[in-house]
Each structure stands twice: as C-alpha cells, then as structure tokens.
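Chains as they are written, first to last, in the working numbering: chain V, 32 to 309; chain S, 32 to 309.
For glycine and all other residues, C-beta sits at the position ideal for the given N, C-alpha and C.
Since the model is a prediction, treat every value here as computed from it, not as a measurement.
What follows is one structure encoded as structure tokens, with my remarks underneath.
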C-alpha cells in the first residue's frame, strides 16, 4: 500500500513494522523514515494506515499509555485495515476521538497483489465526513471503494463475507472428499459443480487446490478460523441458531489444532479426503 | 420432455401419470395414448422415459411382479430421470437386464423450463453402448449432455451437486440472517457477497428471495433434505467425517419437521432470520 501511494505521487513520510529490518528496507526504497516508535509515526504524518495481526495488536498500537499512535495525535486521521472484531473498531474510534484524532476502518477483501496495484476491495466504516475527507487517497488504493456505515459495520460485513466463504469452502471440501472416496473423476466433478447450483467463487479459487493438495497460503486456515469465529459470535450475540457456521468454524479450529492452520484455507480438504489427515 | 420430443419430430406414442387426468390431457395434446397400466406403456414404445418421486416409486414401476414396466420389456430402453439413491439405479439396471431390456440413468440438474426447451443439464450413467444408442434423442432434450460412468455414478454426482448447493444455501441463509439481526442493509450485503469470496450460484438464485421471504417453490426444502441425506449417507458409508453436510442436512430436515418442506430451499432462511420461525 505504501508503494502504491508513493507511485501515485503521495509523500510516504514514515513506515513502521514490528520487524524493524522490514521497515528499514521499505523506508530506504520509498525515501521515508523508518520509525522505531509509534509516537514517531504519528509525529511524521497526517494520515496513518495501520495493518495489524489481530484485536490485541490493534488495541496495543492505540494504547492509552506507553508508546502509542495516540501520542500527539490531535488532528491526525487513522485508517485501520486489519480484519478485527467489530467492537474493536468502535473502541479505537472512541480512543482516537478522545485524543482529538479521527479513525476509519478500511476493511480489505483482497490480498497483496491488489494492495500493490491499487485495486483493493475496500469497505469503510466510521464517520461519513472522515470517509469523504480521505476518499481521494482511498480511491488510489482501491478498485472498489464502499462506505458501509458507522465504525464496526465494515468489520461486520467482512466477517460475514469470510464466514460464508469459509462455509462454502468447507462444504466444497466435503463434496470433493466424498467424490474421491467414491472413485469419481474429480476434474469432471469440479466441471459439473461449476455448471450447476454447486458453483461458487471458492470452487474457482480452491477446488483444484483441494484435489491436488496444493495448499500454499493465500488466506490461512487459522485466519479462516478467526473470521468464522468473529461472525459466529456476532450471530450468537443476536440469539441466532447457526449450525452450518458452527460446524465450519469447528472445522477450521480443527485445522489449527492439528497444526494445519498455516495451510491455505483449501487445506480444510485435508480433513475430509479419505486417507489424508481424517 | 414429451412436448419437446414431439416438437423435435419424434412420435410420442404413450404417456402415463399416477394422476390419470394429467396423462389424458397431455395425450390429447400430443396425439399419444394415455396408458392406464405400466405394461401398456412398455407395449407402446421402444424408448421409455421415467420421472418419479423417489426410490420407492422407481422400484415400484420396475416391480418384478404385478403391473410393471418390465412386462414384455425385451429390447426396450428405459431412461430414468429422477434423483435417486445411486444403488437404486444399479438395481433397476439389474432388473431391466433380467427382462432383456436396457436402462440408463438420466440425472437432470435443471427444472421445468429447461425440460420444455430441450436445454436440460443431463448426466447419464449406465452402459456406454446404451448411452451411445439413445444419444441422438437425449441431445434433443439437453443443452449439456454428459456421460458420467456406470449405473449409479450420475446419481452420485447429482447428489454431491445438490449437497454442496444445499450447504451453500444454508450458509448464505446464516450470513444474511446475521446481517439482518445486526441491522445491515441486506441489499448492500448481497452486493458485497457477489463481489467477493462469498459469491455463489445460490447467492444469485436464492439471496434476494431469502431477504424478501419469497419462497415459491422451484426446488423444495423437502427435496433438499432428501438429496443432502443421500450424499451424506454416501460419505458416511465411505467412513468420512462431514460436519458441514450433516449440519446442512439437519437444517433441511428441520424445515420438513416444522412443516416448511414445501417451501423453496431458500426457505431455510426462515430458520436463521431473527423473528421468523427460529
């Protein structure tokens, strides 16, 4: 994303990474400062993008005390791009406002090539006026830019996207697993799926990989487990009965338990094909 | 299918239906004989298509004794188009051979308009030579004609198609159900699903209907329950662990138990949206 913004003529003033050599290399490439504290990032820029691993990391970089992006943050705008529990975005917005800053969630439903090329699928949540203010920058990052609603709602939508995607993935793995156990030609079976009511985006992205056990990671089983868990919990909190989401979440949890969480989500097929990890 | 074959210049000699007036009306329309016994059907035609409700009905029309399509069946070819347990197709083939006849399964993954227009998605199982013999007729019925393998294999593929489709449907219902409970705009949510990894054929066919509670029946919840059960049992017989297929099958079973089995499969959303049948 920093490379893309630089390409588009923006000044990338500062970069930060928990792995300092990564920040240093990128800073050299972009003519930016490699910051060693979060406060230094905030001091260096007007608009700050964060992409962290999980809820805890997001709350840590916006900590009320200690080294924090909130130090000297008055007037700054933060755009937080990690997939998080929706409530965390609400809390970050609260903390940012208390520091005189603004925050926006910028949920991405795409991956590294789209970030590099400025074609991210970007769903934003937060104050509409803040969104409109940073829109010209976001449009350079995004092929599809969408304002969803107040803080947390983009994360809700993202969690639901990934939950449905994960369910479809786990179901496909079961369908292909049965097909293989029956001795059917899986290439034929995938073709028939693609031409009928069984078709899905994950059939395109994951079907052949399940057949060939090619689980190089684009979106890990561990991430699938996390996102399915977020969505499932949102539904439980609403009092809903969600048996398919639950069964799917438990499959991806099982990938993690079996040490397969680092495989791509297509690796869920390792649990459903006869003679694999069963 | 009879209308289509007539349109294509074939002689439709005889029609039969358990509801006699239906057969009589169609016979008048097509200049065919409305048969009142199964034996009369076999006596009237060289090539006989059957479309029945379930396994029991299929075995009944091919009963070894009593009124049966097998009476005087030597040299006849039967094409059986119902979605059945794969083993039933194997048994029907055995009985047909014993009577000096041939049989083919012609599994359809489409509905009434495709039957009328000759654009069925038709997957055939049985003896390859029999398939080649009736191919010219089948091609007039079908937009996509595919030979799958020996008797029962087309039914296996069909069951897997519908199982995966049903899982995707139940998962979509849960995703939209959570979205509604969270107060998200479901039209927006469906658009996002369509543009991301959550996309699927059932999103196109059932998503809006779930939102609008428009469950006019194209493919019933009861049929979904039946097909999911067939596929799930195939997998269990192979010793597989299939939690998503199981949870899905149980959802469609629940539709039936609640008296909702006559709704379209999109009606599974009635079980997952807050304030519906929950």
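Beta carbon proximity, residue i to chain V, threshold 8 Å
i, result
"residue 158 of chain S", "no"
"residue 269 of chain S", "yes"
"residue 164 of chain S", "no"
"residue 300 of chain S", "no"
"residue 286 of chain S", "no"
"residue 196 of chain S", "yes"
"residue 202 of chain S", "yes"
"residue 209 of chain S", "yes"
"residue 257 of chain S", "no"
"residue 113 of chain S", "no"
"residue 187 of chain S", "yes"
"residue 191 of chain S", "yes"
"residue 116 of chain S", "no"
"residue 199 of chain S", "yes"
Same chain, Cβ closer than 8 Å to residue i, neighbours up to 5 away in sequence not counted
i, result
"residue 176 of chain V", "153, 155, 166, 169, 170"
"residue 103 of chain S", "70, 73, 74"
"residue 309 of chain V", "Bear in mind that a pLDDT of 49 at residue 309 of chain V, under 50, signals an unreliable position, so the number given afterwards is only what the model happens to contain. Contacts found: 302."
"residue 266 of chain S", "273, 276"
"residue 207 of chain S", "217, 220, 221, 238, 241, 242, 300, 303, 304"
"residue 293 of chain V", "248, 251, 252, 253"
Own chain residues within Cβ distance below 7 Å of residue i, not counting five before or after
i, result
"residue 58 of chain S", "46, 64, 65"
"residue 126 of chain S", "93, 95, 101"
"residue 32 of chain S", "80, 146, 172"
"residue 298 of chain V", "246, 252, 286, 291"
"residue 189 of chain V", "114, 138, 140, 154"
Per-residue contacts from residue i into chain C (C-beta, under 7 Å)
i, result
"residue 274 of chain S", "Given the protein chain composition of this structure (V and S), no chain C is represented."
Own chain residues within Cβ distance below 6 Å of residue i, not counting five before or after
i, result
"residue 184 of chain S", "156"
"residue 128 of chain V", "none"
"residue 231 of chain V", "199"
"residue 174 of chain S", "150"
Burial state of residue i, where buried means 16 or more other Cβ atoms lie within 10 Å
i, result
"residue 197 of chain V", "buried"
"residue 117 of chain S", "buried"
"residue 60 of chain V", "exposed"
"residue 54 of chain V", "buried"
"residue 274 of chain V", "buried"
"residue 246 of chain V", "buried"
"residue 112 of chain S", "buried"
"residue 134 of chain S", "buried"
"residue 136 of chain V", "buried"
"residue 142 of chain S", "exposed"
"residue 235 of chain S", "exposed"
"residue 138 of chain S", "buried"
"residue 120 of chain V", "buried"
"residue 306 of chain S", "exposed"
"residue 97 of chain V", "exposed"
"residue 62 of chain S", "exposed"
8 Å contact criterion, which residue i and residue j should meet: CB distance rounded
i, j, result
"residue 219 of chain V", "residue 276 of chain V", "At roughly 30 Å, the Cβ-Cβ gap does not stay under 8 Å, so residue 219 of chain V and residue 276 of chain V are not in contact."
"residue 204 of chain S", "residue 300 of chain S", "4 Å"
"residue 131 of chain S", "residue 105 of chain S", "3 Å"
"residue 271 of chain V", "residue 209 of chain S", "6 Å"
Cutoff 8 Å: residue i Cβ touching any chain S Cβ
i, result
"residue 152 of chain V", "yes"
"residue 218 of chain V", "no"
"residue 213 of chain V", "yes"
"residue 37 of chain V", "no"
"residue 140 of chain V", "yes"
"residue 224 of chain V", "yes"
"residue 175 of chain V", "yes"
"residue 262 of chain V", "yes"
"residue 148 of chain V", "no"
"residue 303 of chain V", "yes"
"residue 205 of chain V", "yes"
"residue 266 of chain V", "yes"
"residue 229 of chain V", "yes"
"residue 232 of chain V", "yes"
"residue 81 of chain V", "no"
"residue 184 of chain V", "yes"
Worksheet item: Curious, which full-length alpha helix (DSSP H) runs of at least 4 residues does the segment 138–186 of chain S contain?
Response: 143–148, 159–172
Discussion item. Quick check on the DSSP output: what are the complete beta strand (DSSP E) runs of length 3 or more inside the segment 269–293 of chain V, in order along the chain?
Written reply: none
Worksheet entry | Complete alpha helix (DSSP H) runs within the segment 178–231 of chain S (minimum length 4 residues, chain order) | 184–212, 217–225
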